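Trainee:
Protein chains: 2
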Amino acid sequence: MVTDFKAMRVTALAGGVGGAKLALGLQLALAPGNLTVIVNTGDDFEHFGLAISPDVDTVCYTLAGKANTEKGWGLQGESWNVLTALKALSAPTWFQLGDQDLATHLERTRLLQAGWSLSQVTEHFCKLWQVSSHVLPMSDQPFRTLIRTQTGELLAFQEYFVRERCEPAVAEIMFQHAEDIQPAPQALKSVDAADLVVICPSNPWVSIDPILALPGMVPALKKKPVIAVSPIIQGKTVKGPAAKMAQELGLEASAAAVLGHYADFVNGFIYDQLDGDIFTSDAYPGIIKKATNTIMKNDEDKLRLAIETLKLGEFLINNIYHHD
Amino acid sequence: MVTDFKAMRVTALAGGVGGAKLALGLQLALAPGNLTVIVNTGDDFEHFGLAISPDVDTVCYTLAGKANTEKGWGLQGESWNVLTALKALSAPTWFQLGDQDLATHLERTRLLQAGWSLSQVTEHFCKLWQVSSHVLPMSDQPFRTLIRTQTGELLAFQEYFVRERCEPAVAEIMFQHAEDIQPAPQALKSVDAADLVVICPSNPWVSIDPILALPGMVPALKKKPVIAVSPIIQGKTVKGPAAKMAQELGLEASAAAVLGHYADFVNGFIYDQLDGDIFTSDAYPGIIKKATNTIMKNDEDKLRLAIETLKLGEFLINNIYHHD
Chain A
86 MVTDFKAMRV
96 TALAGGVGGA
106 KLALGLQLAL
116 APGNLTVIVN
126 TGDDFEHFGL
136 AISPDVDTVC
146 YTLAGKANTE
156 KGWGLQGESW
166 NVLTALKALS
176 APTWFQLGDQ
186 DLATHLERTR
196 LLQAGWSLSQ
206 VTEHFCKLWQ
216 VSSHVLPMSD
226 QPFRTLIRTQ
236 TGELLAFQEY
246 FVRERCEPAV
256 AEIMFQHAED
266 IQPAPQALKS
276 VDAADLVVIC
286 PSNPWVSIDP
296 ILALPGMVPA
306 LKKKPVIAVS
316 PIIQGKTVKG
326 PAAKMAQELG
336 LEASAAAVLG
346 HYADFVNGFI
356 YDQLDGDIFT
366 SDAYPGIIKK
376 ATNTIMKNDE
386 DKLRLAIETL
396 KLGEFLINNI
406 YHHD
Chain B
86 MVTDFKAMRV
96 TALAGGVGGA
106 KLALGLQLAL
116 APGNLTVIVN
126 TGDDFEHFGL
136 AISPDVDTVC
146 YTLAGKANTE
156 KGWGLQGESW
166 NVLTALKALS
176 APTWFQLGDQ
186 DLATHLERTR
196 LLQAGWSLSQ
206 VTEHFCKLWQ
216 VSSHVLPMSD
226 QPFRTLIRTQ
236 TGELLAFQEY
246 FVRERCEPAV
256 AEIMFQHAED
266 IQPAPQALKS
276 VDAADLVVIC
286 PSNPWVSIDP
296 ILALPGMVPA
306 LKKKPVIAVS
316 PIIQGKTVKG
326 PAAKMAQELG
336 LEASAAAVLG
346 HYADFVNGFI
356 YDQLDGDIFT
366 SDAYPGIIKK
376 ATNTIMKNDE
386 DKLRLAIETL
396 KLGEFLINNI
406 YHHD
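As you go down the protein sequences, you meet chains A and B in turn.
The first sequence: position 159 = 244 (my numbering), numbered continuously.
The second sequence: position 314 = 399 (my numbering), numbered continuously.
#1: Output needed for B/A313: all residues of its chain with C-beta closer than 6 angstroms, excluding positions within five of it in sequence on either side, in chain order.
#2: Closer than 8 angstroms between beta carbons: that is the criterion. Which residues of the stretch 207 to 227 of chain A meet it against chain B?
#3: Can you list, in chain order, the residues of its chain whose CB lies under 7 angstroms from that of A/Y146, leaving out five sequence neighbours each side?
#4: Could you give the distance in angstroms between the alpha-carbon of B/T126 and the alpha-carbon of B/G237?
#5: Below 8 angstroms on the Cβ atoms is my guess for B/T143 versus B/A105; work out the distance and round it to an integer in Å.
#6: Assuming B/S292 contacts B/D357 under a Cβ cut-off of 8 angstroms, what Cβ separation, rounded to an integer in Å, is found between them?
#7: Between the stretch 164 to 175 of chain A and the stretch 224 to 237 of chain B, are three or more C-beta pairs nearer than 8 angstroms?
#8: When you compare the CB of B/Q181 with every CB in chain A, is at least one pair closer than 7 angstroms?
#9: With a threshold of 8 angstroms, are at least 3 pairs of Cβ atoms found where one atom belongs to the stretch 293 to 302 of chain A and the other to the stretch 269 to 277 of chain A?
#10: What in chain B is Cβ-close to A/A149, meaning under 9 angstroms?
#11: Please list the terminal residues of the continuous beta strand (DSSP E) segment that includes A/E131.
#12: Leaving out the 5 sequence neighbours to the left and right, which residues in its chain are closer than 6 angstroms to A/G118 when beta-carbon positions are compared?
#13: Report all residues from its chain with a CB closer than 8 angstroms to the CB of B/T194; omit the five preceding and five following residues, and keep chain order.
#14: First and last residue of the beta strand (DSSP E) that includes A/K151?
#15: Per DSSP, what kind of secondary structure is B/E257 in: helix, strand or coil?
#16: What would DSSP say about A/R229, mapped onto helix, strand or coil?
#17: So, helix, strand or coil for A/H407, using DSSP?
#18: Please list the residues of the stretch 156 to 177 of chain A that have a C-beta atom closer than 7 angstroms to any C-beta atom in chain B, keeping them in chain order.
#19: Counting C-beta neighbours from all protein chains within 10 Å, is the total for A/H408 16 or more, i.e. buried, or is it exposed?
#20: Check each residue of the stretch 121 to 136 of chain A: if its Cβ is closer than 7 angstroms to any Cβ of chain B, include it; give the result in chain order.
#21: Which residues bound the beta strand (DSSP E) around A/D357?
#22: For A/V282, which residues does DSSP report across the bridge?
#23: Would you be able to state if there are at least three C-beta pairs under 8 angstroms between the stretch 387 to 406 of chain A and the stretch 326 to 339 of chain A?
#24: Kindly list, in the order they appear in chain B, the residues whose Cβ is closer than 8 angstroms to that of A/R195.
#25: Return the CA-CA distance between A/A108 and B/T322, expressed in angstroms with no decimal places.
#26: Just to confirm the assignment, what range does the alpha helix (DSSP H) spanning B/T189 have?
#27: Using 10 angstroms around the beta-carbon of B/H190, count the other beta-carbons present and answer buried if the total reaches 16, otherwise exposed.
#28: Locate the alpha helix (DSSP H) running through A/T121, then write down its first and last residues.
#29: Use the C-beta contact count for B/H219: other C-beta atoms within 10 angstroms, 16 or more gives buried, fewer gives exposed.
#30: Do the CB positions of B/E155 and B/Q185 come within less than 7 angstroms of each other?
#31: Using a C-beta cutoff of 7 angstroms, does A/L191 count as contacting chain B?
#32: Classify B/V303: buried if its beta carbon has 16 or more other beta carbons within 10 angstroms, exposed otherwise.
#33: With which residues is A/I373 paired in a DSSP beta bridge?
#34: Thinking C-beta only, is A/W214 closer than 7 angstroms to A/A149?
#35: Please classify B/T96 as buried or exposed, where buried requires at least 16 other C-beta atoms within 10 Å of its C-beta.
#36: With a threshold of 16 other CB atoms inside 10 Å of the CB of A/G110, please say whether the residue is buried or exposed.
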């Protein structure tokens, strides 16, 4: 019987900005050290010879209180001297490399070349930044999300997302290296050890699916109480191309479609109160659905949504997963 | 018969700071486009995954008027935001990466990975920076100068030079990849096409010897009027470890030793007036020796030394190499 949601051990699955917001809420709600975040690395890419892990950085920066919440990406108090100099060299500047952010990429690249794993590098940064939670890149091996556009172009995810500003219509989402990838050493263990797993409001198709594609991940989730939080509100997203993508892929862009996507292994589903009436009483009867305000504009919003998620988790554990 | 030294086509061999100074003097003295500088790449190394070419950059920055002449290295108006951030990440900061300088390394790395040669990258930068001279890295293939210290350590040149501040006593200078290296496409051609070759006052053992080690280089020099300028003045150097190294290697640290080192293929030798009396009348009788002020504190000094060098070149061409 869980009597204090703060004491729960929670593993969250997250992509970039939206996922990082709820992860921060969970970190604020839980006892220090009780949150583990498994982060999508399908967006990772090489740029100027540097190893860049956009979602891992967004999650770490956010949990460290270093994220630029006004811009929604990058670091607070960032400067752009190198980017200005790159512009003067006619170098590509579509990926906005801030000076401080660049130091992260440089040091990560150096450590990876010295034989560290991405997990070890991430743990090292989190220690330096005094992040109380555990951040796990989903895998230490390369995994690449590619976007095939409706004009037949094959784009690395960041090329699609940043350089092309999500403008090309998506024909297919492809995972490169998915067949022989292994989860990061602690990833499945953290799911096994969790009281509750939370799927953050990240893009289901490009941010969460790579994590779900890891061998052993879905079977591990099936043994646990899992709550997903919808990133889609009234057919739209707060940020990012999930809704646009869904339409282009011939999927429904709705909270219901998100639930359908996860229905195999979730026990609880949180969606926005603006979508309050979308589920008929016979839809996914085994899954507890809860409508609430899911928009996270500030840390109070994040904490509130996290507590609602954890309380639904408590209910699931005590009423469905209660084995005492 | 050469009647105007400005019209001469000159190829200079150079390492870093000292060599770049005379190269700038030569650029100021000659008609635009008439100077080609072949630059040592034995100092090149990989740091944080980036391809760094210290001597090539020093020469390009100097010829572009972008070099920080107060510091003696790096760029004018440089900022250090990334380095500060690297320090905060406990990353190694012994190699001082300025923000603008870093942009050069990033873009060079990107272009090399895209299949450009180091020569092409260097030409591209020189065009952007409106450098009228031609700067040629000595080779497009990796060539690495290593320092074996008297305690048996094997250091990459920049590790010895910057990280260890030239403090370890040198037992041996080693060239890695020297056996199968080829000169850069234009390097030998620029020697063949030159009216005069100038060996700049760079470290003979670590900055010029790598260039001389290129297959075909010494034979090409032997066909040309060649003037060397001594980097050693009264047993010392203006900058850099050449004199200290010479002593540790059991060589004489003197202008005479420098001349001895180059005696096989030079026709003229310029050394400092402070060393005015070091040559006996029977020393290297075939080589014209000229004492002058070789210290280059400002652009006037550089131009003056360049003009003295070019005038000695004129004399050599008209009196020794005059085939009309």
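Yeah, the Cβ is synthetic: ideal placement off N, Cα and C, and Gly gets one too.
Given the structure is predicted, the values throughout are model-derived calculations rather than measurements.
Mentor: On the basis of the supplied data:
#1: I284, Y347, V351, F354
#2: F210, L213
#3: A152, L160
#4: 24 angstroms
#5: 5 angstroms
#6: So it is not a contact: roughly 18 angstroms between Cβ atoms.
#7: no
#8: no
#9: Segment contact: the stretch 293 to 302 of chain A against the stretch 269 to 277 of chain A, three or more CB-CB distances shorter than 8 angstroms; contact assigned.
#10: Correct list: empty, because the minimum Cβ distance to chain B is about 12 angstroms.
#11: 130 to 132
#12: Closer than 6 angstroms at Cβ, skipping near neighbours: S217.
#13: G134, L135, A136
#14: First-last for A/K151: undefined, no H or E at that position.
#15: strand
#16: strand
#17: Only weak support is given to the placement of A/H407: the predicted model assigns it a pLDDT of 49, under 50, and the question is left unresolved by the model.
#18: S164, N166, V167, A170, L171, L174, S175, A176
#19: Because A/H408 carries a pLDDT of 46, less than 50, the predicted location of this residue cannot be relied on, and the following value inherits that uncertainty. Flag for A/H408 reads exposed.
#20: F133, G134, L135
#21: 353 to 357
#22: Looking at the DSSP assignment, A/V282 forms a beta bridge with A/T96, A/V311.
#23: no
#24: At a C-beta separation below 8 angstroms, A/R195 has these neighbours in chain B: H132, F133, G134, A176, P177.
#25: 59 angstroms
#26: 184 to 198
#27: buried
#28: It is not in any alpha helix (DSSP H) - A/T121 instead sits in the beta strand (DSSP E) that spans 120 to 124.
#29: Flag for B/H219 reads buried.
#30: no
#31: Residue-level contact by beta carbon holds for A/L191 and chain B, with a gap shorter than 7 angstroms.
#32: exposed
#33: A/G353
#34: Cβ atoms of A/A149 and A/W214: closer than 7 angstroms.
#35: buried
#36: buried
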